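**Q** Before I ask anything, here is the structure I am working with.
In the numbering used here, the protein residues as written are 45 to 761.
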């Protein structure tokens with residue numbers, strides 16, 4: 045009998061719940077069996093057993109009855125059967141609503157027997173067009189009903205995509221790694237289930253085919269080869285693009301206008317599964333069957349597992365997914381998602397509390413009551429404020445692991461494009477730093493890795509001729525150093541060619557012919573815009589637009605870059621960054637009545653020079669002789685045109701600043717204190733002031749400008 049509109053909606057809702065529950069079943073356990081059985085009972089109650097749709101439901105329930113009676117867990121066949129039923133039922137229900145005929149979904153044995161030839165029929169003559177018509181469609185959204193679900197799916201999907209990328213790269217070096225195979229399978233399975241619930245057909249269809257191939261790998265029916273892994277990564281990227289359309293809808297309500305085709309990838313996966321049916325050759329031989337590109341694959345990109353400082357192990361493939369798919373995390377690992385705007389507001393409020401606490405402390409000192417109860421209470425307030433400050437800072441800290449995972453994928457792709465064999469090693473990927481820093485460090489790392497592979501590492505033949513292994517090594521590390529984070533990228537390639545760099549610098553007028561710069565100064569030329577020693581321009585690098593981006597972005601993060609290189613042995617680049625962008629360790633200095641703050645990461649030493657140490661060059665540049673090294677001096681009061689207590693350098697204090705290997709002295713009247721300060725924006729009206737990067741409110745209520753040490757450096761060199 046025909047369904048009423050209300051009954052049709054009810055059936056759709058039940059099927060969506062079934063699709064959600066299908067994220068649970070795993071071979072060897074019965075989790076999800078009873079909920080799925082109950083939902084199918086609800087579905088059966090909505091119509092007549094005489095109709096094809098409900099006869100099909102009866103066939104599935106009969107299979108589940110047998111499992112319950114015999115207390116059997118799920119196996120691969122039953123999971124595949126239920127997955128196929130879920131896909132069939134959503135199409136069949138649509139046919140019911142449109143009063144079209146459709147085939148019966150039979151008993152498990154009948155369906156499994158027919159499944160071998162079904163896919164070939166679908167992708168045969170005319171089948172590809174039918175598949176494209178079904179899957180290459182625009183994503184459709186009902187924001188009124190599903191906005192919250194879409195937002196949650198978007199967040200979880202991005203986590204799953206990161207997980208997939210990390211585990212797939214692990215599989216390239218260890219294709220039978222069970223944990224990684226299971227993690228990827230569960231991620232695609234979850235994506236498929238939730239996408240089906242939200243009627244996101246392209247995502248659901250593609251994820252289903254990837255899941256099917258991964259199931260074969262989990263069951264030992266094939267070993268994933270490099271071309272297969274490339275195909276899985278392509279699918280992951282397509283799904284990420286589709287998820288990006290969801291992000292656009294959620295952010296500005298703009299519906300997607302571009303169709304992201306998935307049918308081509310789906311056909312490749314179907315052909316792979318068909319070739320494996322009745323396969324008698326060893327699993328390693330399957331790529332010879334011709335359904336993958338036969339181009340030679342490079343050496344695997346691996347990730348090594350290392351011990352971190354707290355004794356925990358890190359490495360790609362070791363992450364457990366959060367939520368229902370993660371295998372039951374303990375209460376000590378429970379997490380909750382919080383909007384980043386709320387975290388930023390909390391940090392701002394704590395910053396205000398720190399300022400008020402500092403002002404109260406300063407006011408109490410003026411009262412000269414050292415042993416009063418007020419002083420004791422303020423001391424307790426200071427301890428609580430510090431704890432709250434550190435806790436709120438910790439909430440903004442996130443692991444750098446996702447960024448490192450993206451770099452691992454980049455190395456794999458670059459090694460294939462450049463015909464070089466590369467082994468990628470990672471350590472310290474669980475190191476945490478400020479969320480804003482993590483978001484902005486990605487571009488510098490990409491440019492550095494491109495240069496390391498394109499310029500740093502030699503070709504296999506060149507490496508063999510130099511007595512090296514044909515496979516080059518790229519190491520990416522992260523670790524704490526004092527109050528900073530260090531990100532270190534090293535390779536065992538040819539190293540930086542000093543002669544070539546200085547020759548190029550002279551040809552561009554950056555260095556005089558008679559000048560003999562130090563090794564440290566030579567390295568700084570590679571960070572200049574447009575500077576490149578590449579013999580030819582490639583798709584990877586060579587246009588001189590990479591390392592200047594590194595320097596600019598690192599400067600924006602208040603960090604520095606150090607370079608070390610040995611000809612024939614390789615190069616190491618170290619990026620030193622602050623732990624957080626919200627609080628700074630600063631040296632408070634005074635010029636006249638004004639106070640300024642210098643980031644301590646740039647301060648090398650402060651001294652009161654003698655008259656003999658000061659001299660003039662060409663009557664314009666004042667120089668400090670510091671143990672035989674000539675250091676130019678910047679008068680801070682001249683920069684900002686403010687009164688000063690000292691006119692001559694030997695009457696004041698010279699703070700030695702170092703940035704990117706260059707040093708200069710900053711003349712101030714006196715040093716006030718070293719303290720942590722909360723960074724405050726100067727607002728749009730005061731943005732872009734020369735030499736100033738922000739402001740801070742001190743304990744006495746006065747405002748101090750935070751100086752940008754690199755700004756004065758540019759005027760002197």
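Heads up, the beta-carbon is just placed ideally off N, CA and C, and yes, glycines get one too. Please read these numbers as outputs of a predicted model, since none were measured by experiment.
Starting from the C-beta of residue 117, find all residues in its chain whose C-beta is less than 6 Å away, skip the five residues before and the five after it, and write them out in chain order.
**A** Taking the chain shown and counting its residues from 1, the one referred to as residue 117 is at position 73. Only 72, 73, 74 meet the Cβ criterion.
**Q** May I ask you to list the residues that DSSP assigns as paired with residue 716?
**A** What you label residue 716 is simply residue 672 of the chain shown in a count that begins at 1. Its beta-bridge partners do not exist; DSSP assigns none.
**Q** Evaluate residue 620 with the Cβ neighbour count: other Cβ atoms within 10 Å of its Cβ, from every protein chain shown; 16 or more gives buried, anything less gives exposed.
**A** By one-based count along the chain shown, residue 620 stands at place 576. Buried, by the Cβ-count rule.
**Q** Considering Cα atoms alone, identify which of 396, 634, 467, 269 is closest to residue 537.
**A** Numbered from 1 along the chain shown, position 493 holds the residue referred to as residue 537. Checked all of 396, 634, 467, 269; the closest Cα to residue 537 is 467.
**Q** Is the distance from the Cβ of residue 58 to the Cβ of residue 77 below 7 Å?
**A** On the chain shown, position 14 is the one that residue 58 refers to. On the chain shown, position 33 is the one that residue 77 refers to. Not closer than 7 Å, so no.
**Q** Please report how far the alpha carbon of residue 304 lies from the alpha carbon of residue 235, in whole angstroms.
**A** The residue given as residue 304 occupies position 260 in the chain shown. The residue given as residue 235 occupies position 191 in the chain shown. Going by the C-alpha atoms only, they are around 17 Å apart.
**Q** Since residue 668 sits in a beta bridge, which residues does DSSP pair it with?
**A** Mapped onto the chain shown, residue 668 falls at position 624. DSSP, once it has assigned bridges, lists 658, 675 as partnering residue 668.
**Q** With DSSP as the reference, label residue 535 as helix, strand or coil.
**A** Mapped onto the chain shown, residue 535 falls at position 491. Residue state, collapsed to three classes: strand.
**Q** Considering only the alpha carbon of each residue, which of 219, 185, 267 lies closest to residue 240?
**A** For the purposes of this step, residue 240 is taken as the residue at position 196 of the chain shown. The option with the nearest alpha carbon to residue 240 is 185.
**Q** For the beta strand (DSSP E) that contains residue 552, what are its first and last residues?
**A** The residue labelled residue 552 in the question sits at position 508 within the chain shown. Per DSSP, residue 552 belongs to no beta strand (DSSP E) and is neither H nor E.
**Q** Cα-Cα, which of 571, 542, 405 is closest to residue 563?
**A** For this step, residue 563 is matched to residue 519 along the chain shown. For the residues 571, 542, 405, the minimum Cα distance to residue 563 belongs to 542.
**Q** Mind checking which residues open and close the alpha helix (DSSP H) that includes residue 683?
**A** For the purposes of this step, residue 683 is taken as residue 639 along the chain shown, with counting starting at 1. Start and end: 680 to 684.
**Q** What does the alpha-carbon distance come out to for the pair residue 323 and residue 50?
**A** Here residue 323 refers to the residue found at position 279 when the chain shown is read from its first residue. Here residue 50 refers to the residue found at position 6 when the chain shown is read from its first residue. With a pLDDT of 47 at residue 323, under the threshold of 50, the modelled position of that residue is not reliable, and the figure given next carries that caveat. The alpha-carbon atoms of residue 323 and residue 50 are separated by roughly 48 Å.
**Q** Within 10 angstroms of the Cβ of residue 296, are there 16 or more other Cβ atoms? Answer buried if so, exposed if not.
**A** By one-based count along the chain shown, residue 296 stands at place 252. It is exposed - the Cβ of residue 296 has fewer than 16 other Cβ atoms within 10 Å.
**Q** Do residue 208 and residue 280 have their C-beta atoms closer together than 7 Å?
**A** Translated into the one-based positions of the chain shown, residue 208 becomes position 164. Translated into the one-based positions of the chain shown, residue 280 becomes position 236. A contact, by the Cβ cut-off of 7 Å.
**Q** Unbroken beta strand (DSSP E) runs of length 3 or more, entirely within the segment 589 to 655: which are they?
**A** Counting only runs of 3 or more, we get 604 to 610, 614 to 622, 627 to 635, 638 to 643, 647 to 651.
**Q** Mind checking whether residue 268 and residue 309 have CB atoms under 7 Å apart?
**A** For the purposes of this step, residue 268 is identified with residue 224 of the chain shown, where counting begins at 1. For the purposes of this step, residue 309 is identified with residue 265 of the chain shown, where counting begins at 1. Contact flag unset, no.
**Q** How close, in whole Å, do the beta carbons of residue 465 and residue 514 come, if the pair is a contact with beta carbons under 8 Å?
**A** As a first step, residue 465 must be located in the chain shown, where it is residue number 421. As a first step, residue 514 must be located in the chain shown, where it is residue number 470. Their Cβ separation, rounded to whole angstroms, is 6 Å, which keeps residue 465 and residue 514 in contact under 8 Å.
**Q** Please tell me whether residue 630 and residue 699 are closer than 7 Å, where the distance is taken between their beta carbons.
**A** As a first step, residue 630 is located in the chain shown; it is residue number 586 there, counting from the start. As a first step, residue 699 is located in the chain shown; it is residue number 655 there, counting from the start. Against a cut-off of 7 Å, the Cβ pair of residue 699 and residue 630 comes out as no contact.
**Q** Can we say the segment 630 to 650 touches the segment 510 to 525, given the rule of at least three CB pairs closer than 8 Å?
**A** Because the criterion of three Cβ pairs below 8 Å is not met, the segment 630 to 650 and the segment 510 to 525 do not touch.
**Q** Can you list, in chain order, the residues of its chain with a C-beta nearer than 7 Å to that of residue 326? Leave out the 5 residues immediately preceding and following it.
**A** Position 282 of the chain shown, counted from the start, is the residue given in the question as residue 326. Note that residue 326 has pLDDT 43, beneath the 50 cutoff, so the model's placement of it is unreliable and no number is given.
**Q** Give, in chain order, every unbroken run of the alpha helix (DSSP H) that is at least 4 residues long and sits entirely within the segment 403 to 448.
**A** If we require 4 residues or more, the alpha helix (DSSP H) runs fully inside the segment 403 to 448 come out as 417 to 439.
**Q** Any idea if residue 354 is buried or exposed, counting beta-carbon neighbours within 10 angstroms, 16 or more meaning buried?
**A** Numbered from 1 along the chain shown, position 310 holds the residue referred to as residue 354. Residue confidence for residue 354 is low, a pLDDT of 35 falling below 50, so the modelled location carries little weight; the figure read from the coordinates is stated next. Residue 354 comes out exposed.
**Q** Which residues does DSSP pair with residue 721 in a beta bridge?
**A** Your numbering for residue 721 matches position 677 in the chain shown. Looking at the DSSP assignment, residue 721 forms a beta bridge with 628.
**Q** The beta strand (DSSP E) that contains residue 569, what's its start and end?
**A** By 1-based counting over the chain shown, the position of residue 569 is 525. Counting along the chain, residue 569 falls outside any beta strand (DSSP E), and DSSP gives it neither H nor E.
**Q** My parser needs the beta strand (DSSP E) runs of 3 or more residues fully inside the segment 450 to 492; what are they?
**A** With a minimum length of 3 residues, the continuous beta strand (DSSP E) runs that stay inside the segment 450 to 492 are 466 to 471, 476 to 478.
**Q** Quick check on the DSSP output: the beta strand (DSSP E) that includes residue 741 runs from which residue to which?
**A** Residue 741 sits at position 697 when you count from the first residue of the chain shown. That run of the beta strand (DSSP E) goes 736 to 741.
**Q** Three or more beta-carbon pairs under 8 Å between the segment 425 to 435 and the segment 179 to 194, yes or no?
**A** The segment 425 to 435 is not in contact with the segment 179 to 194.
**Q** Give me the Cβ distance between residue 549 and residue 569, rounded to the nearest whole Å; I'm assuming they're in contact under 8 Å.
**A** Looking up residue 549 in the chain shown gives position 505. Looking up residue 569 in the chain shown gives position 525. Confirmed, about 5 Å.
**Q** Just the Cα atoms here: how many angstroms apart are residue 98 and residue 104?
**A** Locating residue 98 in the chain shown gives position 54, where the first residue counts as 1. Locating residue 104 in the chain shown gives position 60, where the first residue counts as 1. C-alpha separation (whole angstroms): 10 Å.
**Q** Ends of the alpha helix (DSSP H) at residue 282?
**A** Within the chain shown, residue 282 is the residue found at index 238, counting from 1. Where residue 282 is concerned, the enclosing alpha helix (DSSP H) stretches over 270 to 296.
**Q** Less than 8 Å between the CB atoms is what I'm expecting for residue 540 and residue 493, so what's the real figure, rounded?
**A** Here residue 540 corresponds to residue number 496 of the chain shown, with the count starting at 1. Here residue 493 corresponds to residue number 449 of the chain shown, with the count starting at 1. The pair is not a contact, with the Cβ atoms about 16 Å apart (cut-off 8 Å).
**Q** For residue 702, which three-state DSSP category applies?
**A** Translated into the one-based positions of the chain shown, residue 702 becomes position 658. Here residue 702 sits in strand by DSSP.
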